[in-house]
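Data first, discussion second: the structure below is written as structure tokens.
Residue numbers (full-length UniProt numbering): 1 to 241.
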């Protein structure tokens, strides 16, 4: 912090535990193996498509780890994502909050990541402003808020209408999160059905069973659950201050 305001850069400084890479490496190796081995009764596009999707996910994760960062200056906050650069002026920022992200030692994800909220109640993740990269992220966010208030960039006053939008959007996110879990369950069930049909010689439509049905389930569950939770607001676990 200086006389002109804030100068901060949050980037990856601490390495993830090595065991975090074990599962992705196993999945990638298995996908490569399944691609090169012959498949009886399986369409030729299946294994290359699965491999391509897994490789894309690995590239995205690598970009998120090594490219993502956050800058805080007197003008506002800038977030460099895996691909996109986005900035918010202090006047556009409603609040900065640490919220429980569900991370743990297994997936090495932050438990308390930081988010920027705008005046429409939308939230945006701030990369690397969390307990995995900082010794005390609570103090860091408090210092940012205090400096912005001290220089007159933001008053940090809570407004009921914005808080209502935040809760409504949190409910919608919860609905789509549960919809994704439901879609995975449907995918697993369809995989079992496909295996059973193949075992008895019944023609198997993998595109429908492993793509169409899970996507349809995701859409239906997402719309229904997000609509429900938008009016039954879950209370977010915000930063403890």
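Quick reminder that beta carbons are idealized off the backbone N, C-alpha and C, glycines included.
Sorted by chain position, which residues of the same chain lie with C-beta nearer than 8 Å to residue 166's C-beta, five sequence neighbours on each side aside? Within the chain shown, numbered from 1, the residue matching residue 166 stands at position 166. If we look at residue 166 and ignore the five residues flanking it on each side, its Cβ neighbours are 117, 121, 123, 236.
Restricting to runs no shorter than 3 residues, where is the beta strand (DSSP E) found entirely within the region 108-169? 114-118, 123-126
Residues bridged to residue 87 (per DSSP): Taking the chain shown and counting its residues from 1, the one referred to as residue 87 is at position 87. BP columns for residue 87 point to 78.
Note down the Cα distance separating residue 68 from residue 119, rounded to an integer number of angstroms. Position 68 of the chain shown, counting from 1, holds the residue named residue 68. Position 119 of the chain shown, counting from 1, holds the residue named residue 119. Those two C-alpha atoms are separated by around 24 Å.
When DSSP labels each residue in this structure, what does residue 197 get in the three-state scheme? One-based indexing of the chain shown puts residue 197 at position 197. Three-state result, residue 197: helix.
Could you check the C-alpha separation between residue 90 and residue 111 for me, to the nearest Å? For this step, residue 90 is matched to residue 90 along the chain shown. For this step, residue 111 is matched to residue 111 along the chain shown. Approximately 26 Å between the Cα atoms of the pair.
Residue 70: first and last residue of the uninterrupted beta strand (DSSP E) it sits in: Residue numbering aside, residue 70 sits at position 70 when the chain shown is read from its first letter. 69-72 is the extent of the beta strand (DSSP E) around residue 70.
Can you tell me which residues form a DSSP beta bridge with residue 9? Taking the chain shown and counting its residues from 1, one reaches residue 9 at position 9. Paired residue(s): 71.
Spatial distance of residue 232 from residue 96 (CA atoms): For this step, residue 232 is matched to residue 232 along the chain shown. For this step, residue 96 is matched to residue 96 along the chain shown. Those two C-alpha atoms are separated by around 24 Å.
For residue 93, which residues does DSSP report across the bridge? Position 93 of the chain shown, counted from the start, is the residue given in the question as residue 93. Answer by DSSP bridge pairing, in chain order: 118.
Starting from residue 222 and walking both ways along the alpha helix (DSSP H), at which residues does that stretch end? If you number the chain shown from 1, residue 222 lands on position 222. Unbroken alpha helix (DSSP H) run through residue 222: 213-231.
Closest residue to residue 216 among 230, 83, 200, 182 (Cα-Cα distance): Translated into positions along the chain shown, residue 216 becomes position 216. Among 230, 83, 200, 182, the Cα nearest to that of residue 216 is on 182.
Per DSSP, cross-strand counterpart(s) of residue 98: For the purposes of this step, residue 98 is taken as residue 98 along the chain shown, with counting starting at 1. Beta-bridge pairing links residue 98 to 114.
Give the secondary structure of residue 204 by DSSP, where H, G and I count as helix, E and B as strand, and everything else as coil. For this step, residue 204 is matched to residue 204 along the chain shown. Of the three classes helix, strand and coil, the one that applies to residue 204 here is coil, per DSSP.
Contacts around residue 144, its chain only, beta-carbon distance under 8 Å, and the 5 residues preceding and following it disregarded: In the chain shown, counting from the first residue as 1, residue 144 sits at position 144. Cβ-Cβ distances below 8 Å link residue 144 to 6, 8, 72, 96 in the same chain, with the five nearest sequence neighbours on each side left out; the list follows chain order.
Identity of the residue in 11, 51, 10, 12 nearest residue 26 by Cα: Along the chain shown, one-based indexing puts residue 26 at 26. It is 51.
Please determine, among 62, 173, 80, 88, the residue with the shortest C-alpha to C-alpha distance to residue 74. One-based indexing of the chain shown puts residue 74 at position 74. With distances taken between Cα atoms, residue 74 lies closest to 88.
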